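Protein sequence lines correspond, in order, to chains V and U.
Per my numbering, the very first residue in the first sequence carries number 62; after that it's consecutive.
Per my numbering, the very first residue in the second sequence carries number 287; after that it's consecutive.
Inspection log for the structure reproduced underneath, given as structure tokens.
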Amino acid sequence: MNAATQPRPQPQTPRDEAYNFAYLDEQTKRMIRRGLLKAVAIPGYQVPFGGREMPLPYGWGTGGMQLTAAILGAEDVLKVIDQGADDTTNAVSIRRFFARTAGVATTERTPEATIIQTRHRIPETPLHADQIMVYQVPIPEPLRFIEPSETETRTMHALNDYGVMHVKLYEDIATFGHIATAYAYPVTVDERYVMDPSPIPKFDNPKLDMSSALMLFGAGREKRLYAVPPFTRVTSLDFEDHPFEVQKWEHSCAICGSHDSFLDELILDDQGTQSFVCSDTDYCAQRVSQGRAGQ
Amino acid sequence: MYVAVKGGEQAIDNAHKLLAKQRRGDTSVAELGVEQIRQQLPLAVARVMTEGSLYDAELAALAIKQSAGDLVEAIFLLRAYRTTLTRFSASLPIDTSAMQLNRRLSATFKDVPGGQLLGPTFDYTHRLLDFTLLAEGEFPGPEAQADAAVQDCPRVLGLLAKEGLIKEEQDTGAPVADITREPLEYPASRAERLQALARGDEGFLLALGYSTQRGYGRNHPFAGEIRVGEVEVWIEPEELGFPISIGAIELTECEMVNQFVGSATELPQFTRGYGLAFGHAERKAMGMALVDRSLRAGEYSEEIVSPAQQEEFVLAHCDNVEAAGFVSHLKLPHYVDFQAELELIRKLRKPSKEPAQ
């Protein structure tokens, strides 16, 4: 089951020659790549970049799309997920966009993909060193909801002044007994910059730590990009007496029976009967194909 | 099970077909032509060109047709097209004092050199529905006289400047950034601010400008001059070494005159707020001029207390394509984050094992 031994997915759609490869012009891609190099060199630091207007709305993945366009090559195999699923409408729309403008092969299988653009999830299947994750980021600034001014937050990052963030987390514990952040849970990258891991559930935060894949983050509207290079320490903020912990479910996936994947809750009828299924559809389908089943 | 997220591709295709049908409406009624929109909805075309940052009336009209009259959507269409265009030259600064005027007014002087020219305007119309327009009839209006005498119409604020009563604007000669190519960083230069405001949402700037009139950052505006007309655009290609005219564009320019009480080092004088828009777009130009002036609070050592004076607040939120995109993204699925919140809120509602300290 090694990725290298599997036949490589082939492009299904011919490239639309009316546009440059992957839509963006080469100068723009070069500008973004320069930004990405800086981002990789300073892990977790938000690099301003000359974000372009994309033919999809701001807030729908324009930052991620620009990064994908800048790093995509003709030989790449692209996977796009939204909420962990390949067939959510916006994932379909973005995958089609690159199939059309770049003519690249696409896949739903995590191990087959060389680039995975995602919104809100990291796949359950462990990533390998030949893969790049591209995250769609709405608000790149982890301090934004504490300090609305960009001038102020840039200064706070420069001075390594993250006291307010710890105070906020402490106040949560004092008020609720827990840190009341369930997604977009702030992390420290390489013991320096506090970073917003994008609105992934905190369940996914541990997957960022020492990952063998390169992680790129793009915020189109806010015109910022940042990165976590492979094998970089990524720690979720916490306190010694209130260590970081991830969500756990009492249920298992109704389809594949998984006990340790992130589960989406479905409401089946007017009585509110619940059912839980894997949010990562590829992971779930692979388990089913291996003969696992839920109740 | 899984109905909610399956079948995305088919659903998208069907939605696009339904949209096309809705846009076309009853097929027994003649289809709207792009040229009709361009000719008969010129103010909508002007707004789309202005906030779309592209002077092309035909494409703006096409965008209005394609968006079924949703102007913010039309602005988005034009912007997305604009990004793909090559920039082959930057024009020389336009000279609005050489404008071929269709309309010009000053609220600060009863008469000015060149005179006041009312031109086509909704001002002074009684807003009574004109039921004759329900019937399709021709109303060609007056013909312009081709041999009408053209007088010099110097800019009104220039007259105040001659007396030293208004703060002179200095061209620093610094290169002008292009905010559609480079990220806006704060504090922004005035050139960047004006670019952002020129692309900014008319309604947002109108409301912010209005807020300054009602006391949130009050700065006593007078409409020094509003002029609407055609201005030639010149470029100077490097290989030629002399400027050539590449055509004319219709513009609306507004200069607001505002008070400034003076400081320890400066005598009291008037200051200005500037607004500029493509086509005939007075409301936009006036809103922009009010907000431009209020954003200069820091420059004049005025206390910054109101939203219209806060650069980051105004510039980060004035773009309707950004705003509409981010608001509309709430329609995208958020199952995962919501699930995380559900889990959290259930946990928070359980009695805590360790009491809060």
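Note that CB positions come from ideal geometry on N, CA and C, so glycine has one too.
This one's a predicted model, so the numbers in the text were calculated from it and none came from an experiment.
Throw me the rounded Cβ distance for the G400(U) and D438(U) pair, which I believe falls under 8 angstroms. As a first step, residue 400(U) must be located in the second sequence, where it is residue number 114. As a first step, residue 438(U) must be located in the second sequence, where it is residue number 152. That belief holds up - the Cβ atoms of G400(U) and D438(U) are roughly 6 angstroms apart, short of 8 angstroms.
Backbone secondary structure at N300(U) - three-state DSSP: The sequence position of residue 300(U) within the second sequence is 14, counting from 1. Here N300(U) sits in helix by DSSP.
Less than 8 angstroms between the C-beta atoms of V153(V) and Q178(V), yes or no? Taking the first sequence and counting its residues from 1, one reaches residue 153(V) at position 92. Taking the first sequence and counting its residues from 1, one reaches residue 178(V) at position 117. Not a contact, by the Cβ cut-off of 8 angstroms.
Does any residue of chain U have a CB that is nearer than 8 angstroms to the CB of R76(V)? For the purposes of this step, residue 76(V) is identified with residue 15 of the first sequence, where counting begins at 1. False, the Cβ-Cβ gap to chain U never drops below 8 angstroms.
Status (buried if at least 16 other CB within 10 Å, exposed otherwise) for Q625(U): To locate residue 625(U), count along the second sequence from 1; it is residue 339. The residue is buried, with at least 16 neighbouring Cβ atoms inside 10 Å.
Euclidean distance between Cα positions of I298(U) and D143(V): Walking along the second sequence from the start, residue 298(U) turns up at place 12. Walking along the first sequence from the start, residue 143(V) turns up at place 82. Rounded to whole angstroms, I298(U) to D143(V) spans 15 angstroms at the Cα level.
Three-state secondary structure assigned by DSSP to P72(V): Reading the first sequence from its first residue, position 11 is the one you call residue 72(V). It is coil, neither helix nor strand.
Less than 8 angstroms between the C-beta atoms of I183(V) and D299(V), yes or no? Start at 1 with the first residue of the first sequence, and residue 183(V) comes out as number 122. Start at 1 with the first residue of the first sequence, and residue 299(V) comes out as number 238. No, the pair does not count as a contact, with Cβ atoms beyond the cut-off.
I'd like to check one pair, R294(V) with C317(V): are the Cβ atoms closer than 8 angstroms? Numbered from its first residue, the first sequence carries residue 317(V) at position 256. Numbered from its first residue, the first sequence carries residue 294(V) at position 233. No.
Mind listing which residues of the stretch 294-319 of chain U have their C-beta closer than 7 angstroms to chain V's C-betas, in chain order? G294, E295, A297, I298
With 16 other Cβ atoms within 10 Å as the buried cut-off, status of P260(V): Taking the first residue of the first sequence as position 1, residue 260(V) is located at position 199. So P260(V) counts as buried.
Are there 16 or more other CB atoms within 10 angstroms of the CB of K303(U), so buried, or fewer, so exposed? Numbered from its first residue, the second sequence carries residue 303(U) at position 17. So K303(U) counts as exposed.
Per the DSSP calculation, H303(V) is bridged to which residue(s)? Counting from 1 along the first sequence, the entry for residue 303(V) is found at position 242. Paired residue(s): F300(V).
Just grab the DSSP bridge partners of N81(V) for me. Taking the first residue of the first sequence as 1, we reach residue 81(V) at position 20. N81(V) pairs with Y84(V).
Take every Cβ of the stretch 107-127 of chain V, pair it with every Cβ of the stretch 188-197 of chain V, and state whether three or more of those distances are shorter than 8 angstroms. yes
So for A64(V), helix, strand or coil by DSSP? The sequence position of residue 64(V) within the first sequence is 3, counting from 1. Here A64(V) scores only 48 on pLDDT, less than 50, and its place in the model is too uncertain to base an answer on.
Determine the closest residue to H615(U) out of T249(V), A219(V), N151(V), with distance taken between C-alpha atoms. Sequence index remark: in the second sequence, residue 615(U) carries index 329 (1-based). Nearest of T249(V), A219(V), N151(V) to H615(U), Cα basis: N151(V).
Residues of its chain near V225(V), where Cβ-Cβ distance is below 6 angstroms and the 5 sequence neighbours each way are ignored: Here residue 225(V) is taken as the residue at index 164 of the first sequence, counted from 1. So the list reads I207, once near-sequence residues are dropped.
As a quick exercise: from I535(U), L526(U), G501(U), pick the residue whose alpha carbon is nearest that of G515(U). Walking along the second sequence from the start, residue 515(U) turns up at place 229. If we check each option's Cα against that of G515(U), I535(U) comes out closest.
Distance between G279(V) and A567(U) (C-alpha atoms, nearest Å): Translated into positions along the second sequence, residue 567(U) becomes position 281. Translated into positions along the first sequence, residue 279(V) becomes position 218. If you take the alpha carbons of A567(U) and G279(V), they lie about 35 angstroms apart.
So Q144(V) contacts chain U; which residues on that side make the cut at Cβ distance below 8 angstroms? What you label residue 144(V) is simply residue 83 of the first sequence in a count that begins at 1. The contacting residues are V291, P619, H620, Y621, V622.
Please confirm if R558(U) has its CB atom under 8 angstroms from at least one CB of chain V. Residue 558(U) sits at position 272 when you count from the first residue of the second sequence. Judged by the 8 angstroms Cβ criterion, R558(U) is not in contact with chain V.
Counting Cβ pairs, one atom from each stretch, are 3 or more of them under 8 angstroms apart for the stretch 463-483 of chain U and the stretch 418-431 of chain U? no
How long is the line joining the alpha carbons of E169(V) and A102(V), rounded to whole angstroms? Within the first sequence, numbered from 1, the residue matching residue 169(V) stands at position 108. Within the first sequence, numbered from 1, the residue matching residue 102(V) stands at position 41. Each residue's alpha carbon lies about 31 angstroms from the other.
Using a Cβ cut-off of 7 angstroms, pull out every chain V residue sitting near S658(U), in sequence order please. Outside the shown range of chain U (287 to 643) lies residue 658(U), about which nothing can therefore be said.
Alpha-carbon to alpha-carbon, Y621(U) and R282(V): Taking the first residue of the first sequence as 1, we reach residue 282(V) at position 221. Taking the first residue of the second sequence as 1, we reach residue 621(U) at position 335. Cα-Cα distance, rounded: 22 angstroms.
Since Y472(U) meets chain V, which of its residues come closer than 9 angstroms, beta carbon to beta carbon? Numbered from its first residue, the second sequence carries residue 472(U) at position 186. Within 9 angstroms Cβ-Cβ: S210, E211, T212, R215.
In its own chain, which residues sit with a C-beta less than 8 angstroms from the C-beta of D233(V), not counting the 5 before and 5 after it? Position 172 of the first sequence, counted from the first residue, corresponds to residue 233(V). Closer than 8 angstroms at the Cβ level, and outside the excluded window around D233(V), lie H239, I240, A241, T242.
Report the option in V600(U), R500(U), E468(U), G459(U) whose CA atom is closest to the CA atom of P109(V). As a working note, residue 109(V) is residue 48 in the first sequence. When only C-alpha atoms are compared, the closest one is E468(U).
Using beta-carbon positions only, say whether V307(V) and P258(V) come within less than 8 angstroms of one another. In the first sequence, residue 307(V) corresponds to position 246, counting from 1. In the first sequence, residue 258(V) corresponds to position 197, counting from 1. It is not a contact, given that the beta carbons lie outside the stated cut-off.
Please compile the residues from chain V whose C-beta is within a distance smaller than 7 angstroms of the C-beta of L630(U). For the purposes of this step, residue 630(U) is identified with residue 344 of the second sequence, where counting begins at 1. Within chain V, the residues near L630(U) are A241, A243.
Spell out whether any CB of chain U is found under 8 angstroms from the CB atom of Q192(V). Residue numbering aside, residue 192(V) sits at position 131 when the first sequence is read from its first letter. By this cut-off, Q192(V) is not an interface position.
Amino acids of chain V, ordered along the chain, whose beta-carbon sits closer than 8 angstroms to that of R467(U): Residue mapping note: residue 467(U) aligns to position 181 of the second sequence, counting from 1. Per Cβ cutoff of 8 angstroms: G111.
Given H506(U) as reference, the closest of S339(U), L576(U), E589(U), L415(U) once Cα atoms are compared: Your numbering for residue 506(U) matches position 220 in the second sequence. Closest by alpha carbon: L576(U).
Using the Cα positions of L324(V) and S350(V), report the straight-line distance between them to the nearest angstrom. Working through the first sequence from its first residue, we reach residue 324(V) at position 263. Working through the first sequence from its first residue, we reach residue 350(V) at position 289. Approximately 19 angstroms, taken between the alpha carbons.
How big is the Cα-Cα spacing for A610(U) and L492(U)? Here residue 610(U) refers to the residue found at position 324 of the second sequence. Here residue 492(U) refers to the residue found at position 206 of the second sequence. The alpha-carbon atoms of A610(U) and L492(U) are separated by roughly 17 angstroms.
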